[in-house]
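I have placed the structure first, in the form of structure tokens, so that the comments after it can refer back to it.
There are 2 protein chains.
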Amino acid sequence: MDVEVPRTIGLLWGRDEPGRRGPKRSLDVVRIGEAAIRIADKDGLGAVSMKRVAAELGVSTMALYRYVEGKDDLFVVMLEVGSGGLREKFSTDWRAAMEEWCRDYRALLFAHPWVLQVPLAGPPATPRQLDWMEAAVLGLEDSGLTVPERMQVLLQLNAYVRGDAALNLSLVDAGMSPDGWPRLIRELADPERYAAVLRVLETGEFDKEDDPMEQFEFGLARILDGIELLVESRRKG
Amino acid sequence: MDVEVPRTIGLLWGRDEPGRRGPKRSLDVVRIGEAAIRIADKDGLGAVSMKRVAAELGVSTMALYRYVEGKDDLFVVMLEVGSGGLREKFSTDWRAAMEEWCRDYRALLFAHPWVLQVPLAGPPATPRQLDWMEAAVLGLEDSGLTVPERMQVLLQLNAYVRGDAALNLSLVDAGMSPDGWPRLIRELADPERYAAVLRVLETGEFDKEDDPMEQFEFGLARILDGIELLVESRRKG
DNA sequence: TCCGTTCGGCGTATGACGTAAACAGTTTGC
DNA sequence: GCAAACTGTTTACGTCATACGCCGAACGGA
Numbered sequence: 001m002d003v004e005v006p007r008t009i010g011l012l013w014g015r016d017e018p019g020r021r022g023p024k025r026s027l028d029v030v031r032i033g034e035a036a037i038r039i040a041d042k043d044g045l046g047a048v049s050m051k052r053v054a055a056e057l058g059v060s061t062m063a064l065y066r067y068v069e070g071k072d073d074l075f076v077v078m079l080e081v082g083s084g085g086l087r088e089k090f091s092t093d094w095r096a097a098m099e100e101w102c103r104d105y106r107a108l109l110f111a112h113p114w115v116l117q118v119p120l121a122g123p124p125a126t127p128r129q130l131d132w133m134e135a136a137v138l139g140l141e142d143s144g145l146t147v148p149e150r151m152q153v154l155l156q157l158n159a160y161v162r163g164d165a166a167l168n169l170s171l172v173d174a175g176m177s178p179d180g181w182p183r184l185i186r187e188l189a190d191p192e193r194y195a196a197v198l199r200v201l202e203t204g205e206f207d208k209e210d211d212p213m214e215q216f217e218f219g220l221a222r223i224l225d226g227i228e229l230l231v232e233s234r235r236k237g
Numbered sequence: 001m002d003v004e005v006p007r008t009i010g011l012l013w014g015r016d017e018p019g020r021r022g023p024k025r026s027l028d029v030v031r032i033g034e035a036a037i038r039i040a041d042k043d044g045l046g047a048v049s050m051k052r053v054a055a056e057l058g059v060s061t062m063a064l065y066r067y068v069e070g071k072d073d074l075f076v077v078m079l080e081v082g083s084g085g086l087r088e089k090f091s092t093d094w095r096a097a098m099e100e101w102c103r104d105y106r107a108l109l110f111a112h113p114w115v116l117q118v119p120l121a122g123p124p125a126t127p128r129q130l131d132w133m134e135a136a137v138l139g140l141e142d143s144g145l146t147v148p149e150r151m152q153v154l155l156q157l158n159a160y161v162r163g164d165a166a167l168n169l170s171l172v173d174a175g176m177s178p179d180g181w182p183r184l185i186r187e188l189a190d191p192e193r194y195a196a197v198l199r200v201l202e203t204g205e206f207d208k209e210d211d212p213m214e215q216f217e218f219g220l221a222r223i224l225d226g227i228e229l230l231v232e233s234r235r236k237g
């Protein structure tokens with residue numbers, strides 16, 4: 001009835017076999033992950049190559065393969081090591097707790113934009129990933145929601161935070177001036193077929209850049225409003 | 001005051017310069033995009049290489065560069081060509097319209113899972129991408145929401161549909177049996193530190209696989225509930 | 001009609017990438 | 001001390017995106 005645990009995931013859980021024979025190891029998965037993260041933070045996920053990470057550590061490329069099965073594995077390690085920043089104590093009120101959770105998450109994504117580009121391979125299975133999940137599940141525990149409903153809430157919040165961050169970061173990433181996109185659309189779009197979009201652009205509400213944080217909080221409040229409806233219906237009915 | 005339009009985006013808007021001298025072109029961006037999509041649908045986005053796309057079209061690798069500036073550009077074309085499936089007529093009621101929009105979007109993502117993996121480079125700027133936006137904006141037009149609020153709603157729905165699809169598809173992708181993940185967690189997670197998560201797993205609500213479509217609709221309804229609150233507050237107050 | 005310009009498709013070449021395999025040096029257990 | 005086990009390195013291979021130069025096709029002007 002044993003579960004087959006992928007090797008690197010085991011390592012991240014501290015399941016390191018004690019050293020026996022041979023030379024001492026000069027690295028460990030965490031240091032490798034930190035080096036990769038340093039590169040990704042500076043030059044983007046695309047700049048993370050085995051060679052570059054090895055160089056950052058002053059070691060040959062192939063040395064990494066003693067600690068990590070391959071590049072996919074390296075991504076797993078990066079996600080784990082880079083997923084800090086979760087606060088210790090959350091509010092007891094479920095709504096406040098969820099707000100805090102989302103803000104922490106958002107801060108993480110803005111600090112490490114590459115997280116959004118890592119091709120995710122399955123549900124969370126490493127300690128810090130689970131820390132995030134634990135905090136969220138715990139925060140919802142006194143909400144009165146059923147278990148599937150709580151999972152649904154998690155999905156929604158997770159998706160919202162990621163979506164918001166992805167949009168804001170991609171704008172920066174595309175190197176567009178704030179009014180670059182509206183100008184482009186006005187130039188290209190057939191005014192009849194895209195009447196509604198153009199009408200929105202004409203209001204000028206796009207050019208004046210609202211505070212992204214404010215936008216984020218507004219949307220979050222709306223989502224939590226919806227969830228609160230559900231919570232209340234579960235409490236009453 | 002001219003706007004600099006990226007070459008391939010111009011092509012997609014039909015801004016093809018009329019043929020002049022030289023041999024007739026044997027391809028066009030749309031056929032290239034279709035070939036790439038055929039490959040991505042079958043073997044994933046990772047299998048889309050210039051060589052492979054060219055082979056699919058019975059042409060040499062370098063021929064593609066006459067139509068597409070590079071691989072990033074190819075992705076833009078793929079997104080554009082693959083973004084069909086939007087219905088013609090939407091309900092006039094904003095909520096029903098948004099439901100239809102989300103369902104169409106979800107269907108698209110399940111038909112072409114690679115869409116979620118394409119590194120997106122900026123806001124939508126091609127015809128079909130804008131069709132989606134037009135439909136959504138139009139659907140919200142009689143909601144009474146302000147323009148920024150409508151954009152917020154769009155972001156939320158977009159994020160939710162993508163997040164839901166990403167989760168469901170990544171589970172399939174990781175090749176996990178339905179109970180694979182819970183088993184793994186139970187094996188690895190410290191029962192004290194991850195008490196809440198483990199409590200959720202114990203309910204067994206995870207192993208029995210709910211209909212994903214039903215889950216999707218449930219979550220969507222909750223989000224729309226939240227938006228409806230906002231709509232009503234704008235109508236009354 | 002003919003020629004020069006222009007352009008489409010192809011072949012080759014380059015440098016980066018991920019990683020398999022063989023190797024050499026070091027530590028440990030017997 | 002010797003062999004096993006384990007370390008990091010070197011070399012090598014196949015694949016990738018793509019820069020460059022060539023050839024021949026098609027058209028415009030003469």
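So the sequence lines, in the order shown, correspond to chains A and C. For what it's worth, this note's numbering labels the leading residue of the first sequence as 1, then goes sequentially. For what it's worth, this note's numbering labels the leading residue of the second sequence as 1, then goes sequentially. For every residue, glycine included, the Cβ atom is placed at its ideal position computed from N, Cα and C.
Where residue i falls: helix, strand or coil (DSSP)
i: Glu192/A; result: coil
i: Tyr67/C; result: coil
i: Trp94/A; result: helix
i: Pro182/C; result: helix
i: Glu88/A; result: coil
i: Met133/A; result: helix
i: Pro23/C; result: coil
i: Met78/A; result: helix
i: Leu140/C; result: coil
i: Leu109/A; result: helix
i: Ser49/A; result: coil
i: Met213/A; result: helix
i: Thr8/A; result: helix
i: Gly33/C; result: helix
i: Val197/A; result: helix
i: Thr61/A; result: helix
i: Ala165/A; result: helix
i: Pro123/A; result: coil
i: Asp307/C; result: Lying before the first or after the last residue shown, residue 307/C is absent from chain C, which here runs from 1 to 237.
i: Arg15/A; result: coil
i: Ala174/A; result: coil
Through-space distance from residue j to residue i, alpha-carbon basis
i: Gly14/C; j: Asp190/A; result: 11 Å
i: Pro6/C; j: Trp132/C; result: 21 Å
i: Ala221/A; j: Asp225/C; result: 13 Å
i: Val147/C; j: Gly70/A; result: 47 Å
i: His112/C; j: Arg95/C; result: 26 Å
i: Glu187/C; j: Val3/A; result: 7 Å
i: Leu11/A; j: Asn158/A; result: 27 Å
i: Ala135/C; j: Val68/A; result: 47 Å
i: Ser233/A; j: Phe75/C; result: 45 Å
i: Arg21/C; j: Tyr65/C; result: 19 Å
i: Pro124/C; j: Trp101/C; result: 16 Å
i: Glu141/A; j: Asp93/A; result: 10 Å
i: Arg38/C; j: Val30/C; result: 12 Å
i: Glu214/C; j: Thr61/C; result: 44 Å
i: Pro23/C; j: Ala36/A; result: 48 Å
i: Gly204/A; j: Glu149/C; result: 14 Å
i: Ala54/A; j: Met78/A; result: 14 Å
i: Asn168/A; j: Tyr160/C; result: 16 Å
i: Asp16/A; j: Arg25/A; result: 12 Å
i: Ile223/A; j: Ile223/C; result: 6 Å
For residue i, the nearest candidate out of the options (CA to CA)
i: Gly163/C; options: Leu116/A, Pro212/A and Asp73/A; result: Leu116/A
i: Gly219/C; options: Thr61/A, Ile227/A, Arg38/A and Ala196/A; result: Ile227/A
i: Gly85/C; options: Met50/C, Phe110/C and Asp93/C; result: Phe110/C
i: Leu27/A; options: Ala63/A, Asp93/A, Arg235/A and Gly204/A; result: Ala63/A
i: Glu192/C; options: Tyr160/A, Leu130/A and Met213/A; result: Leu130/A
i: Leu171/C; options: Pro212/C, Ile37/C and Glu80/C; result: Pro212/C
i: Leu184/A; options: Arg25/C, Ile223/C, Gly122/C and Glu217/C; result: Gly122/C
i: Pro119/C; options: Leu230/C, Gly175/C, Tyr194/C and Asp73/C; result: Asp73/C
i: Pro127/C; options: Tyr194/A, Glu149/A and Glu99/A; result: Tyr194/A
i: Ala97/C; options: Val81/C, Met78/C, Leu79/C and Leu138/C; result: Leu138/C
i: Gly82/A; options: Arg52/A, Asp41/A and Asp16/A; result: Asp41/A
i: Val200/C; options: Gly237/A, Arg235/A, Leu145/A and Ala196/A; result: Leu145/A
i: Val231/C; options: Ser143/C, Gly58/C, Arg25/C and Ile9/C; result: Ser143/C
Heavy atom of the ligand GDP within 6 Å of residue i beta-carbon
i: Met98/A; result: In the structure on display, the ligand GDP does not appear, and there are no ligands present to speak of.
Notebook entry, point to check: Looking at C-beta atoms only, is the number of pairs between the segment 39-50 of chain A and the segment 85-92 of chain A that lie closer than 8 Å three or more?
Noted result: no
Check: Quick one: any contact between the segment 102-115 of chain A and the segment 139-153 of chain A, if contact means 3 or more CB pairs under 8 Å?
Finding: no
Check: Is it a yes or a no for the segment 165-180 of chain C touching the segment 168-179 of chain A, going by three-plus beta-carbon pairs under 8 Å?
Finding: no
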